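*Asks:*
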Amino acid sequence: MKSSSKLFTKVFLFLLFLSNSYSVKAEINDYIYPNQLPSFSNYGTIGLLNNPSARFLDEGSLGFAWNHMQPYLRGSLVAYPFNWFEASFQYTDINNQLYSEFQSFSGNQTFKDKSFDIKLKLMNETEVMPALALGFRDLAGTGIFSSEYLVASKRINNFDLTLGLGWGMLSGNDITNPLTRISDRFKVRKIVDGTKGGEFSVDSYFSGEMGVFGGIEWYLPYLNGARIKIEYDGIDYSKEGFPPVKQAKKINAGIVYPFSERLQLKLGLIRGNTLNFGFTYSANFSKKNSFIPKLDPHEPVENAEVLKMINTDNDEFLFKSSLKYLADRNLHVQAANVDHKSGELEIAYSQNKHASYVRATGRVARVLDDIAPYNINSFKLKNLNADQGMYQVVIDRSKLQRYEGKVIPKVHLSSLNVLPASHTFEDYQFQPTTRLPKYFYKIAPMVRSQIGGPDGFYFGNFRIAFKSETLITKNFTVDADFSYGVTDNMGELKLASDSILPHVRTEIVQYLKQGRGFTVDSFQANYFSSIGNDIYTKISAGYFEQMFGGVGGEVLYRPFYKPWAIGAELWRVKQRDFDGSFNFIDYQTTTGFINFFYEHPGSQILFKLKGGRFLAKDSGVNLDFSRRFKSGLNMGVYFSLTDISREEFGEGSFDKGFYFFIPIETFFSNYSSGHTGFGLRPVQRDGAAVLYHSYDLFGITDQASYDHILRDWDDLYD
Amino acid sequence: MIKRSAKYILIFLLSSCSIDLFEQFSYRDIFLFYKGYISSFPSDTISKEVFDKYEYSFANVKIGRGAASTVVLAYIKDGVYEWRSNDGIKIYTYNGMIIETAGFVSDFKTDAFNILDASSQGTKFITHMAFKNPDLYRSKIENKIFKHKTHTALIDRLGGEINAEILTHSFSLPIIKWKATNQYYTYEGKVIRSEQYIHPNMPSVRMDFYLK
Numbered sequence: 241m242k243s244s245s246k247l248f249t250k251v252f253l254f255l256l257f258l259s260n261s262y263s264v265k266a267e268i269n270d271y272i273y274p275n276q277l278p279s280f281s282n283y284g285t286i287g288l289l290n291n292p293s294a295r296f297l298d299e300g301s302l303g304f305a306w307n308h309m310q311p312y313l314r315g316s317l318v319a320y321p322f323n324w325f326e327a328s329f330q331y332t333d334i335n336n337q338l339y340s341e342f343q344s345f346s347g348n349q350t351f352k353d354k355s356f357d358i359k360l361k362l363m364n365e366t367e368v369m370p371a372l373a374l375g376f377r378d379l380a381g382t383g384i385f386s387s388e389y390l391v392a393s394k395r396i397n398n399f400d401l402t403l404g405l406g407w408g409m410l411s412g413n414d415i416t417n418p419l420t421r422i423s424d425r426f427k428v429r430k431i432v433d434g435t436k437g438g439e440f441s442v443d444s445y446f447s448g449e450m451g452v453f454g455g456i457e458w459y460l461p462y463l464n465g466a467r468i469k470i471e472y473d474g475i476d477y478s479k480e481g482f483p484p485v486k487q488a489k490k491i492n493a494g495i496v497y498p499f500s501e502r503l504q505l506k507l508g509l510i511r512g513n514t515l516n517f518g519f520t521y522s523a524n525f526s527k528k529n530s531f532i533p534k535l536d537p538h539e540p541v542e543n544a545e546v547l548k549m550i551n552t553d554n555d556e557f558l559f560k561s562s563l564k565y566l567a568d569r570n571l572h573v574q575a576a577n578v579d580h581k582s583g584e585l586e587i588a589y590s591q592n593k594h595a596s597y598v599r600a601t602g603r604v605a606r607v608l609d610d611i612a613p614y615n616i617n618s619f620k621l622k623n624l625n626a627d628q629g630m631y632q633v634v635i636d637r638s639k640l641q642r643y644e645g646k647v648i649p650k651v652h653l654s655s656l657n658v659l660p661a662s663h664t665f666e667d668y669q670f671q672p673t674t675r676l677p678k679y680f681y682k683i684a685p686m687v688r689s690q691i692g693g694p695d696g697f698y699f700g701n702f703r704i705a706f707k708s709e710t711l712i713t714k715n716f717t718v719d720a721d722f723s724y725g726v727t728d729n730m731g732e733l734k735l736a737s738d739s740i741l742p743h744v745r746t747e748i749v750q751y752l753k754q755g756r757g758f759t760v761d762s763f764q765a766n767y768f769s770s771i772g773n774d775i776y777t778k779i780s781a782g783y784f785e786q787m788f789g790g791v792g793g794e795v796l797y798r799p800f801y802k803p804w805a806i807g808a809e810l811w812r813v814k815q816r817d818f819d820g821s822f823n824f825i826d827y828q829t830t831t832g833f834i835n836f837f838y839e840h841p842g843s844q845i846l847f848k849l850k851g852g853r854f855l856a857k858d859s860g861v862n863l864d865f866s867r868r869f870k871s872g873l874n875m876g877v878y879f880s881l882t883d884i885s886r887e888e889f890g891e892g893s894f895d896k897g898f899y900f901f902i903p904i905e906t907f908f909s910n911y912s913s914g915h916t917g918f919g920l921r922p923v924q925r926d927g928a929a930v931l932y933h934s935y936d937l938f939g940i941t942d943q944a945s946y947d948h949i950l951r952d953w954d955d956l957y958d
Numbered sequence: 002m003i004k005r006s007a008k009y010i011l012i013f014l015l016s017s018c019s020i021d022l023f024e025q026f027s028y029r030d031i032f033l034f035y036k037g038y039i040s041s042f043p044s045d046t047i048s049k050e051v052f053d054k055y056e057y058s059f060a061n062v063k064i065g066r067g068a069a070s071t072v073v074l075a076y077i078k079d080g081v082y083e084w085r086s087n088d089g090i091k092i093y094t095y096n097g098m099i100i101e102t103a104g105f106v107s108d109f110k111t112d113a114f115n116i117l118d119a120s121s122q123g124t125k126f127i128t129h130m131a132f133k134n135p136d137l138y139r140s141k142i143e144n145k146i147f148k149h150k151t152h153t154a155l156i157d158r159l160g161g162e163i164n165a166e167i168l169t170h171s172f173s174l175p176i177i178k179w180k181a182t183n184q185y186y187t188y189e190g191k192v193i194r195s196e197q198y199i200h201p202n203m204p205s206v207r208m209d210f211y212l213k
């Protein structure tokens, strides 16, 4: 007993020494152990090999992990909307089980499982205390990987130690579950029969057997951040997946080699009998211009002094030079006024180049500063979108010059110089002549995909898309998108809809198979207007999307100085023919919603609530939470609850999913306003289905918000 | 490496669903973007006309396989040239060797010595180097410079070609076990191009000098 106490003291003192020596040498260690970002487990989230850890990536990170460990081949998407929250989606091929027992249905295809995992940080690591996290695996899936865990991780020098307690499939090393002393409900873990998957089995959380797991991640010096992982496997292989899975040893070991901070390669020996291979890619997209530096600065106007002189006595010259030099920078003057009494030059402009509205405003102001005569003291800049006034900023010219290269401090901003903007062209002396209608088009490749059905893992259709927009007037547009299939393997799709609701979405196989050639993807006419302060409207008609066409409209009240908005939409729609032609089939319905939006200005968390009638005539609500980062990255989750039962809904039990959008400019050295994204809904069913239509009002009035202008104010001199 | 990462993500997003990647970029942009990764982004070719347009001395800078950009000579003090880019990056050179940077994600500073000094060639000597982000305080580096008479290269210069001699500078930073080899292209006793490793977290930096 005495000797073990001495040993413990020695170990403690040694660990204390190691932890102190680490902090002293932190800077050198960054070079000796580079690429120290935490690595991923075989379950697609940050962890050891099979065990999770209490480590997280920084908020705004996105990751992809691919792992092969018999009998599992797993692809994972991981997102970090907060420093304390990890959310992931797993797609697993389980090759010791067939997709179904019916050969005619799924052939020899192996079982596929979709699941969501989350992990919450409970406590940050300190000098003494470890980081602590609580996690859930397979939170709302079929439950074959379902487990909960409480885990602690502590970094000591180049060792990262992890110890945890697990329930469900993580209870392989059984110890007494102390929660059974609190309630009998924790004694036996309930397995819900007849589940359609996708349900939260709250009653079974933290119940049944409990086990311990742990391990160590040992960072190797001078090896680009390579590390060895050794763990005591917490998985209960008698329960997980489709037993039996043989386990020769409880100890797993592996090595992780980071090729860069973002790309890691992994090789391991699991269960003493299975080789494991995987790679992960993760990156942080939250910070402005962090991915690729921008080489797209403001270009000063050449011969500015000469232009100032020419423009001094002739307002028309000033207007025309504004038109030219702003258009050269993709900023389009719509109207202008010059007030010599107050010394104010007012410009109404529209633009589609800059995702940051303030950057666009700053660029307009700097061009005007170059060309406007010296008797102009201030610029009133009004931004228009779809011919509606969005916001206006009054910029004092002397301040603009004084703070050049810095930022006009936010303290100089107030409701006096950032204003809502109503707009009528009659108010302006100068307007460019625009020949309407105006026609824009582009041709682009496109891929239609169907992933993870019983017919096969991947079906794709590579298409050439033609996209066009016609401006009939400045607030009346017609968008037409067509595409033509070049090559595909959609012919092998055969899964028919089993839905007992109207087949508003589950006929996807028919749309994919019959729409392999030429299709009209959308053909939508839109009329935008503003019927009062902060009230925006849209009326649309045509073929809105692949599956529905009709007529309808939207109204939105978005008070400029408030963080909330409320709107309504109503659509009368008819289901389109499967072949993507102009024809319709019999099903028609009326769908509509009351929409409420609230965005917390500090955290930039947007909460959307949509309540009303969905496409399959079910009624209910859709809730959507998303977070926007400084870069424009957006991550969100949503779910819907309607008046249909789980049985009526079918597989998945209720509608849910997640998405992220990344600004395209993230990947380029030039600024642009587009974005690309990825949305994932585990199962597309007919319940809680909404109509997709272009130009939703909340999206196109994004800049009609005082908070959004203040949010981007740092971009003024970008 | 940063931009290569972007390629992987674009491939992933392109092969996923519901995207509008081409919203703002034409086919040509995309083609040039991919071409850049396959064969590296080209340096800006400086023609005689472009050279004449510049009022001041300038240099063309290319980091790794990224696109080239221009820095302009801001001033010279005690033989140290300060070059500035329009996005705030500063590069200090001494006889064509980068001795300090400011404004990169990771910056560095090293002792200035004359890379062209014939007496230092072929011998080992010690200087010092420091890094920012992550910080590494002034640490010893072991240098060796050598030059082979036959080691030359043809370089495009203002529309023509010149035969430049190559100086090779190997160095190691023992404290973090970092080794690299730089090359300096000289013509008529001046460095006209350098290819230099300045930080372990960065690819090599190539500078083509156009002095007036």
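So the protein lines, in turn, are chains R and P.
All residue numbers for the first sequence refer to the working numbering, where the first residue is 241 and numbers rise by one.
All residue numbers for the second sequence refer to the working numbering, where the first residue is 2 and numbers rise by one.
All C-beta atoms, glycine included, are put in the ideal place defined by N, C-alpha and C.
Bear in mind the structure is a predicted one, so any value in this text is a computation, not a measurement.
#1: R/D476 and R/S411: beta carbons closer than 7 Å?
#2: Which runs of the alpha helix (DSSP H) spanning at least 4 residues fall entirely within the stretch 808-846 of chain R, listed in chain order?
#3: Indicate the three-state DSSP secondary structure (helix, strand or coil) for R/V791 in the structure shown.
#4: Name the residue from R/V428, R/W804, R/G406 whose alpha carbon lies nearest to the alpha carbon of R/F847.
#5: Strictly by DSSP, which residues pair up with R/L277?
#6: For R/K490, collect the residues of the same chain with a Cβ closer than 7 Å to its Cβ; drop the 5 residues on either side in sequence, then sort them by chain order.
#7: How is the alpha helix (DSSP H) around R/L563 delimited, first residue to last?
#8: Counting only C-beta atoms, is R/L535 closer than 7 Å to chain P at any point?
#9: How many angstroms separate the CA atom of P/N183 from the CA atom of P/I64?
#10: Once you ignore the five residues that flank R/Y462 on each side, which residues in its own chain have a CB closer than 8 Å to its CB?
#11: For R/K528, I'd like the list of residues in its chain whose CB is within less than 6 Å of its CB, leaving aside the five on either flank, ordered along the chain.
#12: Shorter than 7 Å from the beta carbon of R/E267 to some beta carbon of chain P?
#13: Within the stretch 867-936 of chain R, note down every full beta strand (DSSP E) run reaching 3 residues or more, in order along the chain.
#14: Using a Cβ cut-off of 8 Å, pull out every chain P residue sitting near R/S909, in sequence order please.
#15: Anything in chain R within Cβ reach of P/K125, meaning under 7 Å, just list it in chain order.
#16: Using a Cβ-Cβ cutoff of 8 Å, what residues of the stretch 114-144 of chain P are near chain R? List them in chain order.
#17: Does the distance from the C-beta atom of R/A1004 to that of R/S880 stay below 7 Å?
#18: Using the Cα positions of P/F23 and R/S866, report the straight-line distance between them to the nearest angstrom.
#19: Secondary structure at R/V496, three-state DSSP: helix, strand or coil?
#20: Use the C-beta contact count for P/H200: other C-beta atoms within 10 angstroms, 16 or more gives buried, fewer gives exposed.
#21: Give me whichever residues DSSP pairs with P/K78 in a beta bridge.
#22: Using a Cβ cut-off of 7 Å (strictly closer), state whether R/D942 contacts chain P.
#23: Can you name, in chain order, every residue of its own chain whose Cβ lies under 7 Å from the Cβ of R/E449, other than the five neighbours on each side?
#24: Report yes or no: do the stretch 200-210 of chain P and the stretch 103-114 of chain P share at least 3 C-beta pairs separated by less than 8 Å?
#25: Which residues in the same chain have their Cβ closer than 7 Å to the Cβ of R/Q591, if we skip the five residues on either side of it in sequence?
#26: For the stretch 267-288 of chain R, enumerate the residues whose C-beta is nearer than 9 Å to any C-beta of chain P, in chain order.
#27: Identify whether R/L950 lies in helix, strand or coil by the three-state DSSP scheme.
#28: Could you tell me the distance, in whole angstroms, from the CA atom of R/E388 to the CA atom of R/D568?
#29: Out of R/R421, R/V930, R/G693, which has the shortest C-alpha to C-alpha gap to R/Q349?
#30: Roughly how many whole angstroms lie between the Cα atoms of R/A392 and R/S843?
#31: If I measure Cβ to Cβ from P/R29 and keep anything under 7 Å in the same chain, skipping five residues before and after, which residues do I get?
#32: Give me the chain R residues within the contact set of P/D88, using Cβ-Cβ distance strictly less than 8 Å, ordered along the chain.
#33: Would a check of beta-carbon distances place P/I64 closer than 7 Å to chain R?
#34: If R/A575 and R/F716 are in contact, beta carbons under 8 Å, what's the gap, nearest whole angstrom?
#35: Using only alpha-carbon positions, find the residue among P/L159, P/T153, P/F172 that is nearest to P/A165.
#36: Counting Cβ pairs closer than 8 Å, one from the stretch 823-839 of chain R and one from the stretch 931-949 of chain R, do we hit at least three?
*Replies:* Result, derived from the coordinates:
#1: Taking the first sequence and counting its residues from 1, one reaches residue 476 of chain R at position 236. Taking the first sequence and counting its residues from 1, one reaches residue 411 of chain R at position 171. At a Cβ-Cβ threshold of 7 Å, R/D476 and R/S411 count as neighbours.
#2: If we require 4 residues or more, the stretch 808-846 of chain R turns out to have no alpha helix (DSSP H) run fully inside it.
#3: For the purposes of this step, residue 791 of chain R is taken as residue 551 along the first sequence, with counting starting at 1. Secondary structure at R/V791: strand, using DSSP grouped into helix, strand and coil.
#4: The count along the first sequence starts at 1 and reaches residue 847 of chain R at position 607. Cα-wise, what sits closest to R/F847 is R/W804.
#5: Here residue 277 of chain R refers to the residue found at position 37 of the first sequence. For R/L277, which the question treats as bridged, DSSP gives no partner whatsoever.
#6: For the purposes of this step, residue 490 of chain R is taken as residue 250 along the first sequence, with counting starting at 1. Closer than 7 Å at Cβ, skipping near neighbours: Y472, D473.
#7: On the first sequence, residue 563 of chain R is found 323 positions in, with the first residue counted as 1. That run of the alpha helix (DSSP H) goes 555-567.
#8: In the first sequence, counting from the first residue as 1, residue 535 of chain R sits at position 295. For R/L535, at least one C-beta of chain P is nearer than 7 Å to its own C-beta.
#9: Residue 183 of chain P sits at position 182 when you count from the first residue of the second sequence. Residue 64 of chain P sits at position 63 when you count from the first residue of the second sequence. Answer to the nearest angstrom: the Cα atoms are 14 Å apart.
#10: Within the first sequence, numbered from 1, the residue matching residue 462 of chain R stands at position 222. So the list reads I272, once near-sequence residues are dropped.
#11: Translated into the one-based positions of the first sequence, residue 528 of chain R becomes position 288. In chain order, K870, S871 place their CB closer than 6 Å to the CB of R/K528, counting only its own chain and leaving out the 5 sequence neighbours on each side.
#12: In the first sequence, the residue the question calls residue 267 of chain R occupies position 27. Interface residue, yes.
#13: Here the runs fully enclosed are 874-882, 896-903, 915-920.
#14: Position 669 of the first sequence, counted from the first residue, corresponds to residue 909 of chain R. Chain P residues near R/S909: A68.
#15: Here residue 125 of chain P corresponds to residue number 124 of the second sequence, with the count starting at 1. Proximity of chain R to P/K125 at the Cβ level (cut-off 7 Å) is not reached, the minimal Cβ distance being about 22 Å.
#16: When CB distances to chain R are screened at a threshold of 8 Å, the residues of the stretch 114-144 of chain P falling below it are F132, P135, D136, L137, Y138, in chain order.
#17: Residue 1004 of chain R lies beyond the range of chain R shown here (241 to 958); nothing can be said about it.
#18: On the second sequence, residue 23 of chain P is found 22 positions in, with the first residue counted as 1. On the first sequence, residue 866 of chain R is found 626 positions in, with the first residue counted as 1. At P/F23, the pLDDT of 35 sits below 50, so the modelled position is not reliable; the number obtained from the coordinates is stated separately. The straight-line gap from Cα to Cα measures roughly 24 Å.
#19: For the purposes of this step, residue 496 of chain R is identified with residue 256 of the first sequence, where counting begins at 1. For R/V496, the secondary structure class from DSSP, reduced to helix, strand or coil, is strand.
#20: Along the second sequence, read from residue 1 onward, the residue named residue 200 of chain P stands at position 199. It counts as buried.
#21: Taking the second sequence and counting its residues from 1, the one referred to as residue 78 of chain P is at position 77. Paired residues: P/V81.
#22: Residue numbering aside, residue 942 of chain R sits at position 702 when the first sequence is read from its first letter. By this cut-off, R/D942 is not an interface position.
#23: Reading the first sequence from its first residue, position 209 is the one you call residue 449 of chain R. Beyond the five residues adjoining it in sequence on each side, R/E449 comes within less than 7 Å, by CB distance, of S411, D414, N417 in the same chain, given in chain order.
#24: Counting Cβ pairs under 8 Å, three or more are found: they touch.
#25: Along the first sequence, one-based indexing puts residue 591 of chain R at 351. Beyond the five residues adjoining it in sequence on each side, R/Q591 comes within less than 7 Å, by CB distance, of N570, L571, H572, A600 in the same chain, given in chain order.
#26: Using a CB distance below 9 Å, the part of the stretch 267-288 of chain R facing chain P consists of E267, I268, N269, D270, Y271, I272, P274, ordered along the chain.
#27: Working through the first sequence from its first residue, we reach residue 950 of chain R at position 710. Look at R/L950 here: in three-state DSSP terms it is helix.
#28: Reading the first sequence from its first residue, position 148 is the one you call residue 388 of chain R. Reading the first sequence from its first residue, position 328 is the one you call residue 568 of chain R. If you take the alpha carbons of R/E388 and R/D568, they lie about 58 Å apart.
#29: Residue numbering aside, residue 349 of chain R sits at position 109 when the first sequence is read from its first letter. Considering only R/R421, R/V930, R/G693, the residue with the shortest C-alpha distance to R/Q349 is R/G693.
#30: Here the question's residue 392 of chain R lines up with position 152 in the first sequence. Here the question's residue 843 of chain R lines up with position 603 in the first sequence. Straight-line spacing of the CA atoms in R/A392 and R/S843 works out to 27 Å.
#31: Against the second sequence, residue 29 of chain P aligns to sequence position 28. Because P/R29 sits at a pLDDT of 49, beneath the cut-off of 50, its placement in the model cannot be relied upon, and the point is left open.
#32: Position 87 of the second sequence holds residue 88 of chain P. Within chain R, the residues whose beta carbon sits less than 8 Å from that of P/D88 are P533, K534, L535, P537, listed in sequence order.
#33: Position 63 of the second sequence, counted from the start, is the residue given in the question as residue 64 of chain P. It does not: the Cβ of P/I64 has no partner Cβ on chain R nearer than 7 Å.
#34: Taking the first sequence and counting its residues from 1, one reaches residue 575 of chain R at position 335. Taking the first sequence and counting its residues from 1, one reaches residue 716 of chain R at position 476. Taking a contact as a CB-CB distance under 8 Å, the pair R/A575 and R/F716 does not count as one, their CB atoms being some 18 Å apart.
#35: For the purposes of this step, residue 165 of chain P is identified with residue 164 of the second sequence, where counting begins at 1. Out of P/L159, P/T153, P/F172, P/T153 has the C-alpha closest to the C-alpha of P/A165.
#36: Touching, yes.
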